[in-house]
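Engineer: After the structure tokens below, expect a handful of questions from me.
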Amino acid sequence: MPSIQCIVVTPEKTALETTAEFIALPLADGEMGIGENHAPVIGRLGYGEMRIVSEGQTQRLYVDGGFVQIADNVVSILTGKAIPPSDIDIVQAETQLVEASKAIAPTDELAAIKTRNIEQACNQIRVAKRSAN
């Protein structure tokens with residue numbers, strides 16, 4: 001059976017350390033699927049759902065940006081947050097979305113912050129709702 005070691009680290013803790021058959025990650029420019037013997041990669045994570053398939057079961061986490069390194073069947077992820085969908089506060093994410101959408105962004109820096117806040121909120125809501133179904 002294919003085997004990939006997966007380690008997810010946040011600033012506070014090691015959020016996950018497991019063995020998987022397949023991993024799907026949100027990247028800054030799309031999604032990446034990772035199977036056994038994947039080519040070495042270093043990439044920038046986006047905001048969204050990470051899926052870890054092991055023994056026919058799929059575990060999901062919301063990851064909040066960061067970086068991924070793939071080498072020698074080890075997937076190392078450094079992210080600001082790794083939240084199980086059941087722990088996402090949808091009301092708080094919806095409030096963040098409304099506030100971010102209303103924010104005035106007269107500079108490029110403020111526009112980037114506004115875009116990031118909207119992406120984070122939308123993806124948290126999407127992950128939580130998808131998992132609830």
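Its first residue numbered 1, the sequence shown is counted upward by one per residue in the UniProt record's numbering.
All C-beta atoms, glycine included, are put in the ideal place defined by N, C-alpha and C.
1. Write down the C-beta distance between V75 and I113 rounded to the nearest angstrom, noting that I regard them as a contact closer than 8 angstroms.
2. Quick one: using the 10 Å Cβ neighbour count with 16 as the cut-off for buried, is T95 buried or exposed?
3. Measure from the alpha carbon of Q92 to the alpha carbon of each residue in N73, Q69, N123, E109, then state which is nearest.
4. Looking at the secondary structure, which residues open and close the alpha helix (DSSP H) in which S131 lies?
5. If you drop the 5 nearest sequence neighbours on each side, which residues of the same chain put their C-beta closer than 6 angstroms to that of S131?
6. For T18, count neighbouring Cβ atoms within 10 angstroms of its own Cβ and tell me buried if that reaches 16, exposed if not.
7. To which residues of the same chain is I83 closer than 7 angstroms at the C-beta, ignoring the five residues directly before and after it?
8. Within the same chain, show all residues whose beta-carbon is closer than 7 angstroms to that of Q69, passing over the 5 residues directly before and after it, in chain order.
9. For D64, write down the residues that DSSP places opposite it in a beta bridge.
Structural biologist: With the given structure in hand:
1. Looking up residue 75 in the sequence shown gives position 75. Looking up residue 113 in the sequence shown gives position 113. Not confirmed; about 29 angstroms, so no contact.
2. Looking up residue 95 in the sequence shown gives position 95. Looking at its Cβ environment, which holds fewer than 16 other Cβ atoms inside 10 Å, T95 is exposed.
3. Position 92 of the sequence shown holds residue 92. Just measuring C-alpha positions, the residue of N73, Q69, N123, E109 sitting nearest Q92 is N123.
4. Numbered from its first residue, the sequence shown carries residue 131 at position 131. Per DSSP, the unbroken alpha helix (DSSP H) holding S131 starts and ends at 108-132.
5. Residue mapping note: residue 131 aligns to position 131 of the sequence shown, counting from 1. If we look at S131 and ignore the five residues flanking it on each side, its Cβ neighbours are R60, P85.
6. Position 18 of the sequence shown holds residue 18. Exposed: under 16 other Cβ atoms inside 10 Å.
7. For the purposes of this step, residue 83 is taken as the residue at position 83 of the sequence shown. Once the five neighbours on either side are set aside, the close Cβ partners of I83 are L61, Y62.
8. As a working note, residue 69 is residue 69 in the sequence shown. For Q69, where only same-chain residues beyond five positions count, the Cβ hits under 7 angstroms are I42, S76.
9. Start at 1 with the first residue of the sequence shown, and residue 64 comes out as number 64. DSSP output for D64 lists Y47 as bridge partner(s).
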